[in-house]
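What follows is a single structure, written as structure tokens, with notes after it.
Protein chains: 6
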Amino acid sequence: MRSGVTAIAYETVVGPQGGLPLLSPMSEVAGRMSIQVGAWCLQRANGGRGTLLGGVPGVQPGRVVILGGGISGANAAAMAVGMQADVTIREKNVERMRHLVDHFEGRACVLMASGDAIEENVLRADLVVSAVLIPGGSTPKLVSRDLVRRMPNGSAMVDISIDQGGCFETSRPTSHDAPIYVEEGVVHYCVTNMLGAVARTSTLALNNVTLPYVKSLADLGVESALAKDPGFAKGLNVLSGQVVHPAVREALGLAPT
Amino acid sequence: MRSGVTAIAYETVVGPQGGLPLLSPMSEVAGRMSIQVGAWCLQRANGGRGTLLGGVPGVQPGRVVILGGGISGANAAAMAVGMQADVTIREKNVERMRHLVDHFEGRACVLMASGDAIEENVLRADLVVSAVLIPGGSTPKLVSRDLVRRMPNGSAMVDISIDQGGCFETSRPTSHDAPIYVEEGVVHYCVTNMLGAVARTSTLALNNVTLPYVKSLADLGVESALAKDPGFAKGLNVLSGQVVHPAVREALGLAPT
Amino acid sequence: MRSGVTAIAYETVVGPQGGLPLLSPMSEVAGRMSIQVGAWCLQRANGGRGTLLGGVPGVQPGRVVILGGGISGANAAAMAVGMQADVTIREKNVERMRHLVDHFEGRACVLMASGDAIEENVLRADLVVSAVLIPGGSTPKLVSRDLVRRMPNGSAMVDISIDQGGCFETSRPTSHDAPIYVEEGVVHYCVTNMLGAVARTSTLALNNVTLPYVKSLADLGVESALAKDPGFAKGLNVLSGQVVHPAVREALGLAPT
Amino acid sequence: MRSGVTAIAYETVVGPQGGLPLLSPMSEVAGRMSIQVGAWCLQRANGGRGTLLGGVPGVQPGRVVILGGGISGANAAAMAVGMQADVTIREKNVERMRHLVDHFEGRACVLMASGDAIEENVLRADLVVSAVLIPGGSTPKLVSRDLVRRMPNGSAMVDISIDQGGCFETSRPTSHDAPIYVEEGVVHYCVTNMLGAVARTSTLALNNVTLPYVKSLADLGVESALAKDPGFAKGLNVLSGQVVHPAVREALGLAPT
Amino acid sequence: MRSGVTAIAYETVVGPQGGLPLLSPMSEVAGRMSIQVGAWCLQRANGGRGTLLGGVPGVQPGRVVILGGGISGANAAAMAVGMQADVTIREKNVERMRHLVDHFEGRACVLMASGDAIEENVLRADLVVSAVLIPGGSTPKLVSRDLVRRMPNGSAMVDISIDQGGCFETSRPTSHDAPIYVEEGVVHYCVTNMLGAVARTSTLALNNVTLPYVKSLADLGVESALAKDPGFAKGLNVLSGQVVHPAVREALGLAPT
Amino acid sequence: MRSGVTAIAYETVVGPQGGLPLLSPMSEVAGRMSIQVGAWCLQRANGGRGTLLGGVPGVQPGRVVILGGGISGANAAAMAVGMQADVTIREKNVERMRHLVDHFEGRACVLMASGDAIEENVLRADLVVSAVLIPGGSTPKLVSRDLVRRMPNGSAMVDISIDQGGCFETSRPTSHDAPIYVEEGVVHYCVTNMLGAVARTSTLALNNVTLPYVKSLADLGVESALAKDPGFAKGLNVLSGQVVHPAVREALGLAPT
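Residue numbers (the numbering used here), protein chains in the order written: chain A, 583 to 839; chain B, 583 to 839; chain C, 583 to 839; chain D, 583 to 839; chain E, 583 to 839; chain F, 583 to 839.
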């Protein structure tokens, strides 16, 4: 603020059809990565139960449960199905659920999300991926400590929702230096910035979505660019050193403008 | 020998249609695991170049080159294709190559193996998997140190052939405790006993193939069981304390019987 | 015999690569039909538990367990997978099992057959199809009455092996007029001549395989046709009124020739 | 009315994006079931021509014609394609048609619906499924008695539209006790409440879509719940014993309010 | 105009959800045809480099680059993927790109379009298809003469955008009589009316989309039909001999009405 | 012969499992090319009926009939299915037919070949590909002139068997300069050396299969190389200027050696 900067934040830019377009690459990367790091967690040297996600001919594949079928969840499911795991997706929205059934054509089991149902799946899972993102809110604790305790010993979980508090009661943020810990017998992967692990891919993905905005700024200047696109304008957080975004003001304890 | 034991070795039991049936689960597990550990090697914290194997929408997926299209190679390819990577298989046998083309239907590029061609692929690869197994022989060095040096910085390799000496000039055996090292800028994964990482799956897979032999021994006794199945008999290494397998005798410097 | 007939029996003609080529259409038809009649058995009006095999979006599909992965079993699995059911195949032969894994690519779970494993699957199944054919022998009783009793109430089974005695202890032959009965709470479909239900398709399928033999008989006469093809000759049961097939003689209590 | 009840009817609740969300599970179940009951109708003991829908290797599969490519039709097509039948879908809406082509990628033939074209398909069909639902209207008679007469003898039809009068001139409602009749040589399946046959699956499917409405009623009470969601409010038929839904009043001959 | 005609032009009719519905069949036909004519251009007798698009087992397939992932581009990609070519699509719109990734599941590489990236793909391509349509505008020159010169000798291009000026600097319109020419070593296919080559298919496709409008005209008369559908009204170019469409008036140098 | 040459002919070299390995690339290339040249023949400027093989959404795709399901036929079918045409394969060998059904899973209709059946398919076909190769014999005339006359006007045929006389009565050899002619209203493509059109791909494919033989000759010399591999020895046609191959001697009217 002292520098008089004008700042636009990725997290609050809204797309033409709604949504947060500058965050979606994070969802895609995290969703796809969740399966490969989950597979790695299941290796014995990492505390896992020694299950190969896709099995081998004649041996049961690993059971993967994905909580949430949005961008992250669908990308996770695509990878898990590709590795021939036994995949279940739990999704709350009926329309989205139908789209996923139509897309996966029986290769993944797509079910409605409800507390009991989730418990039933989690108790039999080798790997649970939480891909529940409540825009602008904190993630509900879908999996209690008690439920984690009853999961198979050496099973694994990847909590993509960790940036918003995580959806396991046992989740706590980790980093790429020490990405995992074992609690209640379950290997937890809760890295807050998963994109960093695949920086090359992530950077290109972010460029793809930010470039049009950057071009607009370069061509029109800040004022005109924001005036032309109301969703872009919602990204404006700081204007000439003054915090102008209502939610940010509120969060910082500043009076409304 | 002193204990007067009779020993049958997995490595020399021959199947009804040839082949080494008790080793094939090792090939299946190693092939499938090679992609998940390769994906992990490419993460930055492990020295990798930060490429996500399957890419994300709008970003080029990683290039995977698989040397050898036998059981290991085909299992590796199935996983890599499933993760939506850009996959090339190099295979020497024309019939086998046709089978793979028929199976993958354009999802993987299946090409003949020759020195020049391999070099061209390896130089552009994010991940190279060597899945070349010469039964009973040492693996040819398909990838020279010089070629490794010219690979992209931060690319990765998994040497499934390490038990037979490996097919990279830069390969040296590692263990699950310290599975990787970086040499010439390339992350090397050369764990000699890959099955150990997924012991649950591997054990079940081995049980599947050994059970019929065990039942035969239990039902018939050693002598009759071996007499009935000449391929099984080839597994006999030590009989009542005497080494009887010609190749083993030779390797141990014993005179032929 | 009194008529002095010369008779060649479908059941004993052997193909150029072994096998019983004139029986394989029966296996194909029965395998494919088993899923559609099994789906019908699960309807409530037939005593079934009211499960739709493929489920609908958001509802768990039916669990189908197929015992045996030969021609019948693979055809049954193809239909069940196509209907988006949750399919498990149990197969004893390792090579065959690998072929099925390769073919279904994770859409069906292909596992080794063993007593315990089968029990585990059967106890959770909506539909069990027995597709175990021991050429020239009677089918083993893979599913005991006790196990049937512990299956879910209203689940169903189709016993393709019924012509050879069936592989459920509770199986007894039925006909197209009254194809099903309920025993121990499980709907049983044990029609002995399943082909009759789809006579148009079955006839064409049989014609396809018999035509070359018929042409050979027409072109060469019986003697030359049989002389030219030793497998065809094995089909000879009665020659000029004399039973000549050793197994048939034995079964009829006639002295060996 | 005398009881002073307040009644909300499934049939008139409108979803956030339009449509009748509480009826869609009926469409999904009926669409998927139509193929399995159609396959059963084609069996000889039921009057059918003895065609196996998916054929067997070397024998032409059955021809399935699906009139309408909405939720019912697309679900029917998915099952028929899965059973390897020869499937044609006739759909009037160009955008929907393109979606289906994109989805089925040549596995089903998706064509525009017009009178002549439908006749051409129906005359060659083994199984015709009518999946035409005109919301709030009676179904057009797409298939005349004359056309039924010219269909192949022993062919079959399933009239999903029977609840709205059916789209065959020869359709008349049947029940699960006697689900089929033969008219003009064609096996007719016109059960009005197809969901009842698979009550377990249907109930779960209905729960999935009604649960959010039930929760809203429980949390907010009737008045607030309806006030908050105008589509839900359209479901209100009777309020404290007074019929309030305009169309229902009209149908009952009551004066407009 | 002298005849007092009332004329409605395909090119300006707008659909209920926007778009130009009467032009989309042109896009579908051109997209699908582009691959078969491109394959033909690559044959040696036509000046091509003698590459078979799908390769054969063991030989690298042809590289196909498709500029634009709209209706034309997606249809071209479907055919190229079906022929087992190595396919890359360049698309500018992020949402559309995600849809294509979801649909092709790794069988085509879908990347963002940018100048540098396009150059990299074009320089390695066997076949480039330009499927960029800017509604109502002239096509940008995405591929310069210089870039064409640096393409592999004997490679080919199909310029679907030729009706709007083409997106290669070296494009000039051709006809079905002499569809191709070689410039800068690259075989150019720039037929302006690609639909004419497959007139049977094109006519049926056009009928499908025009029929509802024709019926509306026949049922309601011009005035009412246009009044009822504002998008249809936008198709009105000439009314009783007077040019009424603003853009057409402008293009003809007539004063605005 | 005068030069005293020693000559080995591609056409008579026999592979380890039988077959003519040096001719199979010809079959693969011709099979795959047959569909792209067939699609081109159907264009109106070439005399075709103007049908796009894969149709477009809402329009019936072209009907492709492939006579013979060997290497050529299967490769042709793969391309036609990939282009979303309506594909029927006629094959005589039951085992091969089952393999094709298993592979195509309902995407192509695989039927037994018989005279009547072929006629039925050919009369409704847009494109007929003859892929019947009788090793060492002349091709049977499967399609009579009369049948050609009754094919739809403007339909097309590609006769891969033309090198062995062709399997249409109306076939006569053509060249790449003038590849097609119209007879009885049907466009005929009968180029004798189809590989020449895609010389780059063909050469690489031939290299793949000949290289091992060339290496064997280079390493061992002619005598030892042939002695070591009896199938290779069958390729020997001329030895030091003397024709030694029995069939060639006979064809040239030389006395047996």
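Where a beta carbon is used, it is the ideal one built from N, C-alpha and C, also for glycine.
Can you pull the DSSP bridge partners for A/CYS691?
A/THR670
Who are the neighbours of B/VAL791 on chain C, taking C-beta pairs under 7 Å?
VAL676
For a cutoff of 8 Å on Cβ pairs, would you count E/MET608 as touching chain A?
no
Should A/THR721 be labelled buried (16 or more other beta-carbon atoms within 10 Å of its own) or exposed?
buried
Run of the alpha helix (DSSP H) containing F/ASN789, from where it starts to where it stops
781-810
Contacts around E/MET608, its chain only, beta-carbon distance under 7 Å, and the 5 residues preceding and following it disregarded:
LEU777
What is the rounded straight-line gap between the Cα of F/GLN666 and the Cα of F/GLY688?
12 Å
What residues of chain C sit near F/ASP684, judged by a beta carbon separation below 9 Å?
ALA656, ALA660, HIS685
Run down chain B in chain order and give the residues with a C-beta less than 9 Å from the C-beta of A/GLN666.
ARG614, ALA660, MET661, GLY664
Starting from C/GLU765 and walking both ways along the beta strand (DSSP E), at which residues does that stretch end?
762-765
Which chain F residues sit within Cβ distance under 7 Å of B/MET694?
ASN790
Take F/GLY620 and list the residues in its own chain whose beta-carbon comes closer than 6 Å to its own, dropping the five residues that flank it on each side.
LEU709, ALA738, VAL740
Starting from D/ALA821, trace the alpha helix (DSSP H) in both directions and tell me its first and last residue.
In the sequence as displayed, the identity of residue 821 of chain D is Leu instead of Ala. Where D/LEU821 is concerned, there is no enclosing alpha helix (DSSP H), although the beta strand (DSSP E) it sits in stretches over 818-821.
Assuming C/HIS770 is part of the beta strand (DSSP E), what are its boundary residues?
768-771
Helix, strand or coil, according to DSSP, for E/THR594 in the structure here?
helix
Have a look at A/ILE590, A/MET615, A/TYR795 and flag the residue whose alpha-carbon is nearest the alpha-carbon of A/TYR771.
A/MET615
Please say whether A/VAL587 and A/GLY803 have beta carbons closer to each other than 8 Å?
no
Closest Cβ-Cβ distance between B/GLN618 and chain E: below 8 Å?
no
Within the same chain, show all residues whose beta-carbon is closer than 6 Å to that of D/ASN657, passing over the 5 residues directly before and after it, in chain order.
GLU610, GLY613, ARG614
Beta-bridge pairing of E/GLY601 - partner residues as DSSP gives them
Looking at the DSSP assignment, E/GLY601 forms no beta bridge with any residue, so it has no partner.
Quick one, which residues of the region 623-635 of chain A are near chain B if we go by CB-CB under 8 Å, in chain order?
LEU624, GLN625, ARG626, ALA627, ARG631, GLY632, THR633, LEU634, LEU635
With 16 other Cβ atoms within 10 Å as the buried cut-off, status of D/PRO598:
exposed
Could you tell me whether the Cβ atoms of A/GLY650 and A/ALA713 are closer together than 8 Å?
yes
F/ASN628: buried (16+ other C-beta within 10 angstroms of its C-beta) or exposed?
buried
What does a CB cutoff of less than 6 Å around B/VAL669 pick up in its chain, not counting 5 residues either side in sequence?
VAL646, ALA659, ALA662, VAL663, ALA690
Kindly provide the ranges of any alpha helix (DSSP H) runs that are 4 or more residues long and lie completely inside the region 724-765 of chain F, ordered along the chain.
727-731
Own chain, CB closer than 7 Å to E/HIS827, minus 5 neighbours either side, in chain order:
THR594, LEU818, ASN819
Residue-level contact to chain E via CB, B/PRO643, 8 Å cutoff
yes
Can the beta-carbon of B/LEU729 be found less than 8 Å from the beta-carbon of B/VAL769?
no
Element boundaries [beta strand (DSSP E), containing A/ARG645]:
645-649
When the distance is taken between beta carbons, is B/ILE742 closer than 8 Å to B/SER546?
With chain B covering only 583 through 839, there is no way to say anything about residue 546 of chain B.
Throw me the rounded Cβ distance for the E/ARG782 and F/ARG631 pair, which I believe falls under 8 Å.
6 Å
Is DSSP giving E/GLN618 helix, strand or coil here?
helix
Taking the alpha helix (DSSP H) that F/VAL587 belongs to, which residues open and close that run?
From DSSP, F/VAL587 is part of no alpha helix (DSSP H); its letter is neither H nor E.
Assign B/VAL676 to buried or exposed, taking buried as 16 or more other Cβ atoms, counted over all protein chains shown, within 10 Å of its Cβ.
buried
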